[in-house]
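Protein chains in written order, with our numbering: chain A, 1 to 112; chain B, 113 to 225. For each residue, glycine too, the CB sits at the ideal point set by N, CA and C. Reviewing the structure listed below.
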Amino acid sequence: KNQVEQSPQSLIILEGKNCTLQCNYTVSPFSNLRWYKQDTGRGPVSLTIMTFSENTKSNGRYTATLDADTKQSSLHITASQLSDSASYICVVSAWGNNDMRFGAGTRLTVKP
Amino acid sequence: DTAVSQTPKYLVTQMGNDKSIKCEQNLGHDTMYWYKQDSKKFLKIMFSYNNKELIINETVPNRFSPKSPDKAHLNLHINSLELGDSAVYFCASSQTQGVYEQYFGPGTRLTVT
Numbered sequence: 001k002n003q004v005e006q007s008p009q010s011l012i013i014l015e016g017k018n019c020t021l022q023c024n025y026t027v028s029p030f031s032n033l034r035w036y037k038q039d040t041g042r043g044p045v046s047l048t049i050m051t052f053s054e055n056t057k058s059n060g061r062y063t064a065t066l067d068a069d070t071k072q073s074s075l076h077i078t079a080s081q082l083s084d085s086a087s088y089i090c091v092v093s094a095w096g097n098n099d100m101r102f103g104a105g106t107r108l109t110v111k112p
Numbered sequence: 113d114t115a116v117s118q119t120p121k122y123l124v125t126q127m128g129n130d131k132s133i134k135c136e137q138n139l140g141h142d143t144m145y146w147y148k149q150d151s152k153k154f155l156k157i158m159f160s161y162n163n164k165e166l167i168i169n170e171t172v173p174n175r176f177s178p179k180s181p182d183k184a185h186l187n188l189h190i191n192s193l194e195l196g197d198s199a200v201y202f203c204a205s206s207q208t209q210g211v212y213e214q215y216f217g218p219g220t221r222l223t224v225t
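As structure tokens, then:
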């Protein structure tokens, strides 16, 4: 079982709607959690990085939350645009050993 | 200017060959990485270098050998290529180790036939 589980695996929404992607992890001891956006055929682009003490962080229409007690994170996308169609990847790093664990990603499709 | 660049973008080669992928970053970063993304789009870190020193070396066959001539370059050399090496390889860099944003290159799609 992967130490970082993302859900849903894929999601289709209409333009202008909001959506929330989930990331649950078992990586320990926790250091930080990152959300990346990866367009088809391109490298991942960082959206947010959160450490243990941060509960929420925003980047434009993207808002990430972190509950380190329950080991859960979410990425909320507001007023979706066609350009939000991409894969969203959650990455959790462990403290002290540079270990990075990647989720399988959520494939988001925004339709007009 | 491209922050993290990789060459080539596409690489098609036969089993048993040796090939290299080059990566350069012009951000002045100390740390560079190599990642592999398989056909299921699953990303996995392979190596990390900080100031030309190896700091992460995941369980990767020793046919893969990273080389960092200076801190702006991290090349990946692969010996005796196998079918299972077919994937997209991404280079990335960050200011230094730790909780810093990583900037990814455009990727190199390697196809082994």
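Legend entry - Residues bridged to W146(B) (per DSSP): Within the second sequence, residue 146(B) is the residue found at index 34, counting from 1. Partner residues in the beta bridge of W146(B), as assigned by DSSP, are F159(B), C203(B).
Inset, instruction - On a CA-only basis, which of T119(B), L139(B), N138(B), H141(B) is nearest S132(B)? Give me that one, please. - result: Here the question's residue 132(B) lines up with position 20 in the second sequence. The shortest C-alpha separation from S132(B) is found at T119(B).
Inset, instruction - With 7 angstroms as the limit, tell me which residues of the segment 46-73 of chain A have their beta carbon closer than that to any beta carbon of chain B; keep them in chain order. - result: S46, I49, T51
Inset, instruction - Please say whether S74(A) and Q22(A) have beta carbons closer to each other than 7 angstroms? - result: Reading the first sequence from its first residue, position 22 is the one you call residue 22(A). Reading the first sequence from its first residue, position 74 is the one you call residue 74(A). Closer than 7 angstroms, so yes.
Legend entry - E165(B) - containing beta strand (DSSP E), residue span: Stepping through the second sequence from its first residue, residue 165(B) is reached at position 53. Element bounds for E165(B): 165-169.
Inset, instruction - Whole angstroms is fine: what's the gap from N191(B)'s alpha carbon to P173(B)'s? - result: Here residue 191(B) refers to the residue found at position 79 when the second sequence is read from its first residue. Here residue 173(B) refers to the residue found at position 61 when the second sequence is read from its first residue. Cα to Cα, the separation comes out at about 10 angstroms.
Legend entry - Nearest neighbour of G16(A), chosen from I77(A), G105(A), F102(A) [CA to CA]: Sequence index remark: in the first sequence, residue 16(A) carries index 16 (1-based). Considering only alpha carbons, the answer is I77(A).
Legend entry - Three CB pairs or more closer than 8 angstroms across the segment 89-107 of chain A and the segment 4-11 of chain A: yes
Inset, instruction - Using DSSP bridges, identify the partner residues of A64(A). - result: Residue 64(A) sits at position 64 when you count from the first residue of the first sequence. The partner list for A64(A) (beta bridge, DSSP) reads K57(A), L75(A).
Legend entry - Cβ contact (3+ pairs, closer than 8 angstroms) linking the segment 84-92 of chain A and the segment 35-48 of chain A: yes
Legend entry - When S28(A), L33(A), V27(A) are compared against T65(A), the one with the closest alpha-carbon: The residue labelled residue 65(A) in the question sits at position 65 within the first sequence. Out of S28(A), L33(A), V27(A), L33(A) has the C-alpha closest to the C-alpha of T65(A).
Inset, instruction - Using beta-carbon positions only, say whether C135(B) and L193(B) come within less than 7 angstroms of one another. - result: Sequence index remark: in the second sequence, residue 135(B) carries index 23 (1-based). Sequence index remark: in the second sequence, residue 193(B) carries index 81 (1-based). No, Cβ-Cβ distance for C135(B) and L193(B) is not below 7 angstroms.
Inset, instruction - Could you work out which residue in V45(A), E54(A), S10(A) is closest to F202(B) when comparing CA atoms only? - result: Residue numbering aside, residue 202(B) sits at position 90 when the second sequence is read from its first letter. For F202(B), the nearest C-alpha among the options comes from V45(A).
Inset, instruction - Would you kindly report the start and end of the unbroken beta strand (DSSP E) that includes D182(B)? - result: By 1-based counting over the second sequence, the position of residue 182(B) is 70. 176-182 is the extent of the beta strand (DSSP E) around D182(B).
Legend entry - Residue span of the beta strand (DSSP E) that contains E136(B), given as start and end: Numbered from 1 along the second sequence, position 24 holds the residue referred to as residue 136(B). Residues 131-137.
Inset, instruction - For G96(A), decide whether its Cβ has a neighbour in chain C, counting only Cβ atoms nearer than 7 angstroms. - result: Of the chains in the structure shown, none is chain C; the protein chains are A and B.
Legend entry - Residues from the segment 18-49 of chain A in contact with chain B, defined by Cβ distance under 9 angstroms: S31, N32, R34, Y36, Q38, G41, R42, G43, P44, V45, S46, I49
Legend entry - Contact under 7 angstroms by Cβ, Q149(B) with A184(B): Translated into positions along the second sequence, residue 149(B) becomes position 37. Translated into positions along the second sequence, residue 184(B) becomes position 72. Not in contact: Q149(B) and A184(B) (Cβ atoms no closer than 7 angstroms).
Inset, instruction - Can you give me the start and stop residues for the beta strand (DSSP E) that W35(A) sits inside? - result: As a working note, residue 35(A) is residue 35 in the first sequence. Start and end: 30-38.
Inset, instruction - Taking only the alpha-carbon atoms, compute the straight-line gap between Y215(B) and S28(A) and give it to the nearest angstrom. - result: Sequence index remark: in the second sequence, residue 215(B) carries index 103 (1-based). Sequence index remark: in the first sequence, residue 28(A) carries index 28 (1-based). Y215(B) and S28(A): Cα-Cα distance of roughly 25 angstroms.
Legend entry - Interface positions of the segment 142-169 of chain B facing chain A (Cβ-Cβ less than 8 angstroms), listed along the chain: K152, K153, F154, L155, K156, I157, S160, I167, I168
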